[in-house]
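Asks: Here the sequence shown stands for residues -20 to -1, 1 to 412, numbered as in mature numbering (1 follows the signal peptide of the UniProt record, and there is no 0).
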Amino acid sequence: MKFVLLISILVLLVLSVVESSLFGKFLVINDVHVDKNYEEGSMVECTIKCPCCCQSPPSANYTGQKATKWGSINCNTPFVLFEQLIPQIQKQPVDFIVFLGDMPYMGFWDVDYADTISYIMFLSQELSKLADIPVIPVLGNHDYSPADQFNCHPDMADYYKTMATLYQDWIIDKDNFLKCGYYSQSIIPGLRFLIINGMLCDPANLDAQNRPQDWQDQIDWLDEEIAKAKLNGEKVYIFGHIPVGKSSRRVIPPLCYTNSSLKLAQVMEKYPDTIVAMFSGHTHFDEFRVIYDTKTFTKPVGMNLISPSFVPEGNRYSGFRVYDYDKNNFDITNIHQWYSDTYNVPDNEIPYWNKFFDFNVDYQRFGIDKINPEGLDKLVKMIQTDPDVFKFYYSRYAPKWDFTKVTLQNEKLIKCSLALTSNEIYSDCFDN
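1. So what's Thr263 in DSSP terms, helix, strand or just coil?
2. Which class does Tyr303 belong to by DSSP, given the choice of helix, strand or coil?
3. Beta carbon of Val118, beta carbon of Phe79: below 8 Å?
4. Tell me, please, which residues DSSP counts as bridged to Val78.
5. For Ser228 and Thr263, which I take to be in contact (beta-carbon distance under 8 Å), what is that distance rounded to the nearest angstrom?
6. Check this for me: beta carbons of Asn295 and Asp408, under 8 Å apart or not?
7. Which same chain residues end up closer than 7 Å to Met83 when comparing Cβ atoms and leaving out the 5 residues on each side of it in sequence?
8. Output the distance between the C-alpha atoms of Asp155 and Tyr85, rounded to the nearest integer angstrom.
9. For Asp338 and Leu2, I'd like the C-alpha separation in whole angstroms.
10. Are the CB atoms of Ile116 and Leu174 nearer to each other than 8 Å?
11. Give me whichever residues DSSP pairs with Gln165 in a beta bridge.
12. Suppose contacts are defined by Cβ-Cβ distances below 8 Å. Is Leu61 in contact with Trp50 by that definition?
13. From the DSSP secondary-structure annotation, give me the bridge partner or partners of Gln317.
14. Any idea which residues DSSP pairs Val216 with across the strands?
15. Taking DSSP as the reference, what is the three-state secondary structure of Asn232?
16. Measuring alpha carbon to alpha carbon, tell me which residue in Thr384, Glu404 and Phe410 is nearest Lys395.
17. For the beta strand (DSSP E) that contains Gly294, what are its first and last residues?
18. What residue range is occupied by the uninterrupted alpha helix (DSSP H) comprising Met362?
19. Should His133 go down as buried or exposed, given a rule of 16 or more other Cβ atoms within 10 Å for buried?
20. Helix, strand or coil for Met143? Go by DSSP, reduced to three states.
Here it is in structure tokens:
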């Protein structure tokens, strides 16, 4: 009996070793939005006179909710919550970490350039504690002040130089980064990371309209880098803070100008066997986009996976994401979303992190057995036509998300934004 038990244990150990040698994991954090002025016990219910939630002590007659130590509704992230994340990351057996941008507090009205840099300095110092785990930093629209206003003009050279210094332990391709915040990196043989500056197509960026050549130059660079990767037998992950296409929360403006999104789609269409996926944040919700061929918009050629925010605001829990990938072909094999109920942590305790969902477990019930453009195209069609599948998808839009409060317009926005298409096809989808 003891012999059988010993053999069983050995078999499990061997299987575990084999699995770890065949499959890898990487962790994604985005939209942290740390607030250095966050104050425990402050007002959560903001007023016109005090738009800075969770920063001001309550008045004598205030009877509303008060900010908790670890984060509250309507609030940005307290420093202590991000600090507590570091030991949690150390428990995750990941090969690398991607920071998809947006470290500073979202109150753009009172965050200047010096504040922005200080927030990012805090981030780099905290992530440096993970000395043996490579970090891939990506610029977000709030990682500059004024927010969103990125370009490739020499006037921004000092900013890119400062960021390169703060991220010097992680960015190898400094020459390209110093030009305009995008760069190429490889830390795993056979896999190439291409990090893009998504703000160059951001409608909130005035220079995205005035300097369209900045985006075109980046697209040309991206095309060249992917061509080299293909020649070298590498697969490609694209990381960019802002997703392609339309917003699932508003009709206009889009997340990224449609023409700019379609230029990126043309690159993905050109190299469907080399590009595995694009990864983004920015929306604060758990979403995806399927990229189609730019002639008929019927053939899926790429996918943009979007992870929800770390900041526990808007009645959502704080969270981070872990992707599983195949070490042989670098395909994405599963998605795990983790969360913490920071609103209700008992006194003298730290937040506990739980798994919110497992993509394979949750979506195999609908026959979705692969996370690739074809599999997600199938899921898009089901979400758009089957009310039960839509309800299920929307229930996983964010940890603790109240999926019962969805209007017809919300539903149309979500359904129609899943596919990157032409403006005409999008309008037809929304009007029907």
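Ideal Cβ positions, reconstructed from N, Cα and C, are used throughout, including at glycine.
Replies: With the given structure in hand:
1. coil
2. Three-state DSSP puts Tyr303 in a strand.
3. Between Val118 and Phe79, the gap from beta carbon to beta carbon is short of 8 Å.
4. According to DSSP, Val78 shares a beta bridge with Val8 and Ile116.
5. Taking C-beta atoms under 8 Å as the contact rule, Ser228 and Thr263 qualify, at a distance of about 7 Å.
6. no
7. Cβ neighbours of Met83 within its own chain (closer than 7 Å, five residues either side excluded): Val12, Val14, Tyr99, Ile100, Leu103 and Asp123.
8. 29 Å
9. It is roughly 19 Å from the alpha-carbon of Asp338 to the alpha-carbon of Leu2.
10. No, they are not a contact pair.
11. Phe173
12. yes
13. Arg301 and Phe337
14. Arg172 and Ile255
15. Looking at the sequence shown, residue 232 is not Asn but Ile. In the structure shown, Ile232 sits in coil (DSSP, three-state: anything other than H, G, I, E or B).
16. Phe410
17. No beta strand (DSSP E) holds Gly294; DSSP gives it neither H nor E.
18. Pro353 to Thr365
19. exposed
20. The answer is helix: DSSP assigns Met143 an H, G or I state.
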